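*Asks:* One structure coming up, written as structure tokens, with questions to follow.
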Amino acid sequence: MGDNLDFGAQLYFKLFEVNGQPVYLTQTIVSTWLIMLGLILVAVILRVKMRKFKEVPETKLQTIVEMIVDMINNFTISSMGPAGKKFAGYYGPLLIYIAVCNLSGLIGIRPPTADFATTLAFALITFFMIHGFGIKSKGVGYFKGFLEPFPLLLPINIIGELATPVSLSFRLFGNILGGSIIMGLVYAMFPKIVVFLGIPAVLHGYFDVFAGALQAFIFVMLSMTFVSSAME
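For the sequence shown, position 136 (counting from the first letter as 1) is numbered 137 according to our numbering, and the numbering increases by one without interruption.
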């Protein structure tokens with residue numbers, strides 16, 4: 002059974018070498034490109050359709066689009082305050098992208114978020130946003146927070162900040178990879194019985210749909226909370 006289960010970043014073929022080290026095209030890269038291509042096509046189609054939008058919605062598409070935009074704006078404002086509305090243009094697409102990545106397992110694509118490199122990249126963006134906007138908001142005074150409540154806690158405060166991207170990335174990565182492993186084990190051990198009984202549909206409903214959407218929401222919510230706290 003171990004030969005049939007590969008939960009790592011599966012290798013497709015070698016592209017080139019750098020200083021004797023091979024660089025491979027992995028399944029994660031291919032999945033990421035496919036998802037990006039799909040979302041870009043949807044965005045382009047919507048952009049063309051939006052040229053015909055009226056001030057007062059006359060089509061279901063315009064109503065749905067405006068409803069989604071309002072939900073994203075309200076979600077961002079409720080989490081970051083009125084001043085945080087400017088972040089809606091980043092966190093809205095991020096939420097959609099992570100959710101689509103998490104749900105991609107439903108169509109047979111290996112979720113890019115099941116690769117730690119992907120989730121770490123998201124977490125590092127949040128890490129630099131936290132300190133970048135914190136410094137922009139407070140100036141040099143931002144660094145005084147590392148000395149509170151007293152200077153001796155400086156090392157612990159620094160470690161706490163460095164732990165933020167680690168916890169963010171591992172939370173998302175662990176949940177999505179865990180679901181992929183469980184589904185792989187179910188299909189490997191009971192290939193015919195589970196399909197006949199419809200068990201995969203129930204498990205996919207939880208591990209892919211529910212857990213995938215929930216983890217996307219949690220990641221974005223935590224990111225907004227950290228950035229907002231740094232700016233206050």
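Using N, Cα and C, we set each Cβ at its ideal position, and we do this for glycine too.
All figures in this text were calculated on a predicted structure; none of them were measured in a lab.
1. Per DSSP, what kind of secondary structure is F54 in: helix, strand or coil?
2. How many Å lie between Y98 and E59 at the Cα?
3. Are there 16 or more other CB atoms within 10 angstroms of the CB of D116, so buried, or fewer, so exposed?
4. According to DSSP, simplified to helix, strand and coil, what is E18?
5. Evaluate the contact criterion for the region 94-111 versus the region 207-219: three or more CB pairs, one atom per stretch, below 8 Å.
6. Straight-line CA distance for V70 to K55?
7. Return the chain-ordered list of same chain residues with a C-beta closer than 8 Å to the C-beta of I36, the five sequence neighbours on each side being excluded.
8. Report the three-state DSSP secondary structure of P112 (helix, strand or coil).
9. What number of angstroms, rounded off, separates the C-alpha of L74 from the C-alpha of G161?
10. Can you check the region 52-137 for any alpha helix (DSSP H) of at least 4 residues that lies completely inside it and give the ranges in chain order?
11. Should L173 and T120 be called a contact, given that it needs their Cβ atoms to be closer than 7 Å?
12. Throw me the rounded Cβ distance for the L204 and M190 pair, which I believe falls under 8 Å.
13. Does P23 come out as helix, strand or coil in the three-state DSSP assignment?
14. On the three-state DSSP scale, how would you describe F227?
15. Please classify M68 as buried or exposed, where buried requires at least 16 other C-beta atoms within 10 Å of its C-beta.
*Replies:* Once the coordinates are examined:
1. Along the sequence shown, one-based indexing puts residue 54 at 53. The DSSP-derived three-state label of F54 is coil.
2. Translated into the one-based positions of the sequence shown, residue 98 becomes position 97. Translated into the one-based positions of the sequence shown, residue 59 becomes position 58. A straight-line Cα-Cα distance of about 28 Å links Y98 and E59.
3. Stepping through the sequence shown from its first residue, residue 116 is reached at position 115. Flag for D116 reads buried.
4. On the sequence shown, residue 18 is found 17 positions in, with the first residue counted as 1. The answer is strand: DSSP assigns E18 an E or B state.
5. When Cβ pairs closer than 8 Å are counted between the two stretches, the region 94-111 is seen to touch the region 207-219, the count reaching three or more.
6. Within the sequence shown, residue 70 is the residue found at index 69, counting from 1. Within the sequence shown, residue 55 is the residue found at index 54, counting from 1. Each residue's alpha carbon lies about 16 Å from the other.
7. Counted from its first residue, the sequence shown places residue 36 at position 35. These residues qualify, in order along the chain: Y98, V101, C102, S105, I110, P113.
8. The count along the sequence shown starts at 1 and reaches residue 112 at position 111. Three-state DSSP puts P112 in coil, outside helix and strand.
9. Against the sequence shown, residue 74 aligns to sequence position 73. Against the sequence shown, residue 161 aligns to sequence position 160. Inspection of the sequence shows that residue 74 is occupied by Asn rather than by Leu. Rounded to whole angstroms, N74 to G161 spans 30 Å at the Cα level.
10. Entirely contained in the region 52-137, the alpha helix (DSSP H) runs reaching 4 residues are, in chain order, 61-81, 89-104.
11. Working through the sequence shown from its first residue, we reach residue 173 at position 172. Working through the sequence shown from its first residue, we reach residue 120 at position 119. It is a contact, given that the beta carbons lie within the stated cut-off.
12. For the purposes of this step, residue 204 is taken as residue 203 along the sequence shown, with counting starting at 1. For the purposes of this step, residue 190 is taken as residue 189 along the sequence shown, with counting starting at 1. Between M190 and L204 the Cβ distance is about 13 Å, and since that is not below 8 Å, they are no contact.
13. Locating residue 23 in the sequence shown gives position 22, where the first residue counts as 1. The answer is strand: DSSP assigns P23 an E or B state.
14. In the sequence shown, counting from the first residue as 1, residue 227 sits at position 226. Helix at F227.
15. Here residue 68 refers to the residue found at position 67 of the sequence shown. M68 should be labelled exposed.
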